[in-house]
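Position 348 of the sequence shown, counted from 1, bears residue number 348 in the UniProt record's numbering, the numbering being contiguous throughout. Worksheet for the structure shown next.
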Amino acid sequence: MKTFCGRANPTTGALDWVEESEEYDYHQEIARSCYADMLHDHDRNEKYYQGIRAAVSRIKARGERVVVLDIGTGTGLLSMMAVTAGADFCYAVEVFKPMAEAAQCIVKKNDFSDKIKIINKHSSDVTVGPDGDMQEKANLLITELFDTELIGEGALPSYEHAHQNLVQAGCEAVPHRATVYAQLVESELLWSWAQLQPAEVEGARLVPPPAVGRCAGAHSVCDVQLSQVPPSSFTPLSPLCTMFSVDFSKPVSSAFQSHSTRFVARSGGRAQVVLSWWDLEMDPSGTIVCSMAPGWTYPQPAKAPWRDHWMQSVYFLPAERQVAEQEELSLSVCHDDYSLWYSLQPHSLQDAQAKTPPSRPCCTCQAHLVWTRPRFGELNDRRRTGSFVAALRSVSERRRHGRRRSLQVLSEDSVCLSVSDGSLLPVFAHMLGAKKVFSLENSRMSKQVIEEMLEANSQKGGVELLEIRPEQLTSQDLRGEQISVLMGEPYFSTSLLPWHSLFFWYCRTALAGLLRPTATILPCSASLHVVAVEFQDLWRIRAPCGICEGFDVTPMDEMVQRSLDFRESREAEPHPLWEYPCRALTHPAAVMTFDFTQCVPREPVSSQGSLPFIRTGRCHGVALWMEYHLTDDVTVSGGLTQPISEQGDCEWIRHRKQGVYFLRSAWDSLGDGRTGVSYSFTFEPSLGDVKMDFSIT
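This is the structure:
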């Protein structure tokens with residue numbers, strides 16, 4: 001059965017009505033899941049197995065039958081570990097139906113059907129009794145309900161309900177305990193993801209609105225691979241603090257709680273950011289520990305276990321605060337049932353805060369709702385800002401007879417139109433002397449933020465903000481003027497993959513009738529770049545598992561592969577590659593160029609070629625990114641920030657995601673240039689899509 005679905009096309013901006021199979025969402029969910037990442041996490045699996053064996057032994061030593069409740073069983077791996085360790089029976093609960101069905105197949109394939117019952121329900125709906133899902137309450141509770149923030153997947157309510165309804169008092173639990181750690185730091189890099197910083201434009205200082213500076217920001221956690229944030233980019237102001245622990249073998253509360261720890265500042269500086277992670281103690285004595293600490297905390301960072309399902313957390317304080325070395329401070333963390341937030345105060349005020357703990361941070365300035373954290377980082381990138389200012393400064397218009405007239409700055413008769421979401425480009429253009437500047441904003445909230453930016457810099461009225469779609473814009477909206485400079489970063493909040501920013505090209509095409517014949521388009525073009533890579537770890541999220549800790553989980557591999565083979569699933573997917581180290585095995589290559597000085601073509605545009613392997617390694621796939629050519633001399637990259645090293649090491653921009661196309665099977669490169677990756681690209685204007693295919697030749 002098929003049905004019509006309305007989808008916003010991020011490249012064309014149109015609402016596309018497409019006929020989809022009723023299984024489309026199912027396959028997309030499976031294809032983009034990262035179950036393989038967890039199963040490839042040997043450290044996690046090993047620590048769980050050790051903890052399960054120890055818990056089963058303790059219960060057996062008391063002369064009791066071992067009845068297990070496994071909440072969030074996934075593939076059934078932990079239940080199979082429990083039965084192998086000697087458990088008498090397992091109730092394995094999995095709410096996601098496709099995964100529950102896969103678990104059923106895996107349990108059967110490993111001959112555990114008589115000892116493991118898969119229950120396809122949310123644990124809060126599970127019943128106990130003669131006619132219930134469980135015949136009796138469990139005395140061993142096994143769970144994997146955690147996310148990067150520990151409690152963000154609803155671990156606390158699930159534990160709370162389980163202790164009240166599904167397990168015996170005094171039960172064993174694996175993991176037994178979780179402990180949350182935090183460290184207060186000063187970091188210009190990380191703080192740039194939370195607050196807009198002043199910028200220099202032609203000697204003038206552009207400052208953020210006061211409301212933005214006072215705002216506590218968005219409350220949601222920023223989860224990152226902290227191992228890829230070098231210690232040189234932050235200054236620790238506190239020791240590593242133990243914030244709180246949760247004992248999962250006892251009744252757990254999901255109610256609001258607050259915890260504080262006292263410390264003496266190890267150095268002076270601006271308290272801005274809290275780095276946080278947690279560990280799991282699999283046994284009561286704490287001898288079996290699975291830690292989420294970043295690699296740079298290990299004596300040998302290269303040996304730190306890698307995992308993408310559990311990373312580390314970055315929290316931004318509501319306001320930065322100057323602290324002095326040896327100052328006595330108190331760091332507090334509050335949590336409800338799903339999230340955490342931090343605050344800092346002098347130790348002398350700790351008792352007062354205990355009576356009135358800080359409320360969850362909430363954005364009051366709108367900017368943190370308009371701009372994501374990577375977008376804040378992008379707007380604060382001085383080098384990038386300098387590129388745009390340099391491009392605007394050198395804008396030129398082509399006269400009718402073909403010669404070019406260079407302008408040192410935008411001239412007094414320049415009429416500029418900016419097409420990007422929540423961009424500062426129109427503000428720059430006004431500061432550089434343009435006669436009139438218009439900007440198309442995608443929302444009222446975005447419009448309000450830019451208005452406040454203009455007012456804060458005494459430029460109110462300098463830019464006319466229009467909440468109009470490009471195809472609806474008329475000459476009347478432009479006060480009868482024609483556009484002499486059409487500009488964009490381009491940045492659009494709806495973009496997921498790098499080429500989705502080609503929406504700028506579609507906007508330029510829609511606005512063709514409003515452009516002067518000599519109009520400048522900035523950027524004038526864009527190019528799509530590719531390089532074949534060997535990932536250090538990211539390959540794990542797509543690699544089949546086969547045998548995991550001695551158990552056959554191939555039914556899950558087959559389920560994922562069926563979904564990957566479904567239409568649209570054999571595509572690139574977005575990843576911030578600065579978090580995922582890789583080596584280039586080929587030279588990078590520009591495979592397609594898009595000329596923004598012309599309208600979008602009517603016919604498809606294709607490109608074929610190959611990338612010879614020049615380095616030895618295992619090729620897992622291809623990285624893709626866009627580069628925007630603002631002028632003949634100024635380019636802004638959405639991918640590599642510098643040339644690839646001789647060893648193939650890649651440095652990626654932190655503000656945008658790149659595309660990754662995983663090969664069906666990894667390929668071992670000899671680096672002799674005899675083999676390589678063949679590619680085929682087709683840009684389909686009617687769909688606004690870039691189709692691609694890769695093979696080893």
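The C-beta atom is built at its ideal place from N, Cα and C for all residues, glycine as well. If you're wondering where the values come from, they're calculated on a predicted model, not measured in any experiment.
In three-state DSSP terms, what is residue i?
i: L496; result: coil
i: H163; result: helix
i: G13; result: coil
i: R404; result: Because the pLDDT at R404 is just 44, under 50, the model does not fix this residue reliably, and the value given afterwards should be weighed accordingly. R404: strand per DSSP, three-state reduction.
i: F388; result: helix
i: R618; result: strand
i: E29; result: helix
i: E328; result: strand
i: F234; result: coil
i: T84; result: helix
i: I696; result: strand
i: E186; result: strand
i: E397; result: Only weak support is given to the placement of E397: the predicted model assigns it a pLDDT of 40, under 50, and the question is left unresolved by the model.
i: V409; result: Confidence is the limiting factor: at V409 the pLDDT is only 44, short of 50, which leaves the residue's position unreliable, though a coordinate-based value still follows. Correct three-state label for V409: coil.
i: R262; result: strand
i: E320; result: strand
i: A8; result: strand
i: R383; result: helix
i: R516; result: strand
i: V449; result: helix
With DSSP as the reference, please indicate the residues paired to residue i in a beta bridge.
i: residue 721; result: Outside the shown range of the chain (1 to 697) lies residue 721, about which nothing can therefore be said.
i: M626; result: L528
i: A589; result: V530
i: D279; result: T179 and S291
i: L465; result: S439
i: A584; result: V533
i: W296; result: The partner list for W296 (beta bridge, DSSP) is empty, contrary to what the question assumes.
i: D247; result: R177
i: M487; result: S418 and L522
i: D649; result: R583
i: Q345; result: S330
Let's see if you can read the secondary structure: which residues bound the alpha helix (DSSP H) around residue i?
i: E441; result: No alpha helix (DSSP H) contains E441, which DSSP labels as neither H nor E.
i: C507; result: F503 to A510
i: Y35; result: Y35 to L39
i: V370; result: A367 to V370
i: F428; result: L425 to M431
i: L379; result: R373 to L379
Would residue i and residue j be called neighbours here (beta carbons separated by less than 8 Å)?
i: G129; j: E94; result: no
i: V437; j: V463; result: yes
i: A102; j: M556; result: yes
i: D223; j: T148; result: yes
i: S475; j: L514; result: yes
i: H219; j: P361; result: yes
i: L145; j: S124; result: no
i: L663; j: G609; result: no
i: S254; j: L156; result: yes
i: Y506; j: T12; result: yes
i: A36; j: R542; result: yes
i: S418; j: P426; result: yes
i: F596; j: G673; result: no
i: M431; j: V333; result: no
i: F492; j: D421; result: yes
i: H122; j: P251; result: no
i: L538; j: P588; result: no
i: L577; j: G617; result: no
i: V56; j: G76; result: no
The beta strand (DSSP E) that contains residue i, what's its start and end?
i: N45; result: No beta strand (DSSP E) contains N45, which is instead part of the alpha helix (DSSP H) from H42 to A61.
i: H575; result: E573 to H575
i: W193; result: Note, W193: premise wrong, no beta strand (DSSP E); not H, not E.
i: R307; result: It is not in any beta strand (DSSP E) - R307 carries neither H nor E in the DSSP assignment.
i: Q658; result: Q658 to S669
i: D223; result: C222 to V224
i: G609; result: V605 to P612
i: E101; result: Segment K97 to K109 is the alpha helix (DSSP H) holding E101; no beta strand (DSSP E) there.
i: Q561; result: Run containing Q561: none in the beta strand (DSSP E); it sits in the alpha helix (DSSP H), T554 to L564.
i: R214; result: No beta strand (DSSP E) holds R214; the alpha helix (DSSP H) holding it covers P210 to R214.
i: K460; result: That residue, K460, is in no beta strand (DSSP E); it is neither H nor E in DSSP.
Within the 8 Å Cβ cut-off, does residue i reach chain B?
i: R656; result: Here there is only one protein chain, and chain B is not present.
Exercise. Along the chain, which unbroken stretches of the beta strand (DSSP E) at least 3 residues long are found entirely within the region 122-159?
Worked result: 138-143
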